[in-house]
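Participant:
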Amino acid sequence: MSVNEIFEFVAASLILLGSIISVISAIGIIRFRDVYSRAHAATKTTTVAILTTLIGVFLFVWNHDGVISVRLMLGIVFVFITAPVSGHLVLRASYRANVKMTDETVEDELKVAYEKRLQEEAKKESD
């Protein structure tokens, strides 16, 4: 096996792994019951899936064409930064809109801090 064949195998394996993770993410989105669990499945696994796929494509283009693709590198950085942030903002907006959690949810760590913050804001407005 030549080095080119090894690079192609690694790139194809990364692309396949990203595809498998995407399928697992889709199954998680379908199976989970509330918006918080679904968003967790969507953001975490999809971010890993897209990054794995883009890294595989980057390696393939680099090996096959001998070009380091700046667009792919920017895509990798963009997804790595924006996907978790957007997921966090959607979940925070859902929490502030009082979207209910499932009955199976064991703990709500944000509830105490959020209620304390609301009380402080109400106290400032009354003063």
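Under my numbering, the first residue of the sequence shown is numbered 45, with each subsequent residue one higher. Using N, Cα and C, we set each Cβ at its ideal position, and we do this for glycine too.
Is G110 helix, strand or coil by DSSP?
Facilitator: Three-state result, G110: coil.
Participant: Under 9 angstroms between the Cβ atoms of L61 and T96?
Facilitator: Cβ atoms of L61 and T96: closer than 9 angstroms.
Participant: Under the three-state reduction of DSSP, which class applies to E148: helix, strand or coil?
Facilitator: DSSP places E148 in coil when its eight states are reduced to three.
Participant: Quick one: is F102 buried, meaning 16 or more other Cβ sit within 10 Å of its Cβ, or exposed?
Facilitator: F102 is buried by the Cβ-count criterion.
Participant: Beta-carbon within less than 6 angstroms of A86's beta-carbon, same chain only, minus the 5 sequence neighbours each way: which residues are those?
Facilitator: These residues qualify, in order along the chain: I73.
Participant: Cα-Cα, which of K88, L162, A127 is closest to L154?
Facilitator: Selected option, being the one with the closest Cα: L162.
Participant: In whole angstroms, what is the alpha-carbon distance linking A157 and M117?
Facilitator: Roughly 39 angstroms between the two C-alpha positions.
Participant: Take F124 and list the residues in its own chain whose beta-carbon comes closer than 8 angstroms to its own, dropping the five residues that flank it on each side.
Facilitator: Excluding residues within five positions, the ones whose Cβ falls inside 8 angstroms are T91, L95.
Participant: Please go through the same chain and pick out, in chain order, the residues whose beta-carbon is closer than 7 angstroms to the beta-carbon of V69, but skip the five residues on each side of it.
Facilitator: The sequence given here places Ser at residue 69; Val does not occur at that position. Counting only Cβ-Cβ distances below 7 angstroms, and skipping sequence neighbours, we find A85, A86, T89, T90, A93.
Participant: If you compare alpha carbons, which of F104, N107, F51, D147 is closest to V79?
Facilitator: The candidate whose alpha carbon is nearest that of V79 is D147.
Participant: Out of D152, S113, I99, S66, which has the shortest C-alpha to C-alpha gap to F53?
Facilitator: Ranking D152, S113, I99, S66 by Cα distance to F53 puts I99 first.
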